[in-house]
Each structure stands twice: as structure tokens, then as C-alpha cells.
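So this note's numbering is basically just the index in the sequence shown, starting at one, shifted up by 11.
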Amino acid sequence: LNPAQRHTTVSTAAHALYENASPYHLYEAGGMLDLSEVEYEQVDERTVRVSGSKFIPDKTYRIKLEAAAKMGYRTISIMGTRDPILIDQIDDYLANVRNTIQRRVDDAFNGEVKQSDYRLGFHVYGKNAIMGEWDPNKDTTPNELGIVIDVVADTPELSQVILAFSRTFTLHHDFPGRKCIAGNMAVAFSPSDIPMGPVYRFSMEHLIEPKDAYEMFRTEIFDV
């Protein structure tokens, strides 16, 4: 282990929050780990003693299933702005950009590419990109914004084409009070469009109750 790292009572207790609905009752396939009476004791600078936890076996045998599903192919572009006029109206601006992109894509493909064929997202760092509506300071005005344009589509080619439309109109769309027509954003990299490859989402976390512990698993026996 890294000698610079150490356990503390807080860091150890915080692990119970990881992917659990409750830090006191951790449900797994074989039963429930009860931490409601657990105690954390700092033994030395790097060591914590944990006591008082109880494992309560489940009378029903369960198997935990997890899965991921392919969503498509992602392409991104990273840019930013320090224009205070644009920052003050960034939500309306990106909504207008989105509408323009949808119209232009429809025209370019004669209606053959539907909105359901791709997903377009704007991640506005400096304005709720991390927590969204849960951000307690969502009404503050930043001096600059970083924007990640995120396109996921069924094929790499379509993802890159939609991203090209999105990048162009994010850079050059008009807005009230606009003073510079050279470009609304500073682009972080060249080339500006970055293919990210296939993308997946977490699609299942489930406890199943089989009639028999082995019915879901194929078993083969070989004589060697």
C-alpha cells in the first residue's frame, strides 16, 4: 500500500455511502450488513478498527445481476467563453442553438435523421454542469464558462456529423447584444472534434431469486 495514504474514521465510515441507499443497512445477495451500531476507532495514524457490524443472512437465496448497455458512439468538442453578455443569457442561447441544429439536420438529411437517432448535450462547466438543479449556488454569475458539446448517435459517422453541426452553430450563432462575429467561443483543441468511441450506460442492478442456486449457470464436468 502507498505509505502516504491512511485510513481515518471519517474515510472508513464514508465508504458505507458508496452506491448504497442507506449507510446503515447494506443489502447484498446473501443478506444484509447491519451497520446501525458500528463503531470506528482510530488505532494509529493509518489504521481504523471497525466493530459492532452484524451480517444478517437472507432466508431467500439471491443472485446479484449487473449489466451495461451500449448507447451508441460519442463525439465531443470542448470550448469556452468569457463574454459577459453571452454568459448572462447562456441558457437561452444554447436553447436557440439546439433548435437551429435540429432544423439544419432535418434539412440536410431530408428528414431521414430523427431527433431520436442522436442525443445532443451541452455540459456547461461553471454553471451547474456537476449538480444541475441541485446546485445550491446555481444563480451565481461566473466570469467564464467551459462548454463540452456531447453527441451520442447510433454510428460513429452520424455522431461526428451532428457534432460538426453543433460545434459550428455554438461558435457562430447570433444572440442579443452580440458585438463580435468572429466566434462566440474559444476552442480548446485542434482538431476541435474528438471521437470518443462506443459509449455504454449502467442498465441493470437487480437481485434475482432463482428456484435453484445453479439453474442460471451452465456446468460442464470433464474427466481428465
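Glycine included, each C-beta is placed from N, C-alpha and C at the ideal position.
DSSP places H217 in the strand class (E or B) of the three-state scheme. Exclusion of the five residues before and after C191 leaves D94 as the residues of its chain whose Cβ lies within less than 8 Å of its Cβ. L174 carries a helical assignment under DSSP once its states are collapsed to helix, strand and coil. The continuous beta strand (DSSP E) containing S88 extends over residues 74 to 92. Here the alpha carbon of D102 sits roughly 16 Å from the alpha carbon of M90.
With a contact defined as Cβ atoms closer than 8 Å, A32 and R73 miss out at about 16 Å. The secondary-structure analysis by DSSP pairs H36 across a beta bridge with D45. CA-to-CA, the gap between A199 and I158 works out to about 10 Å.
Taking each of T58, L37, Y35 in turn and checking the Cα distance to T19, the smallest one comes out for T58.
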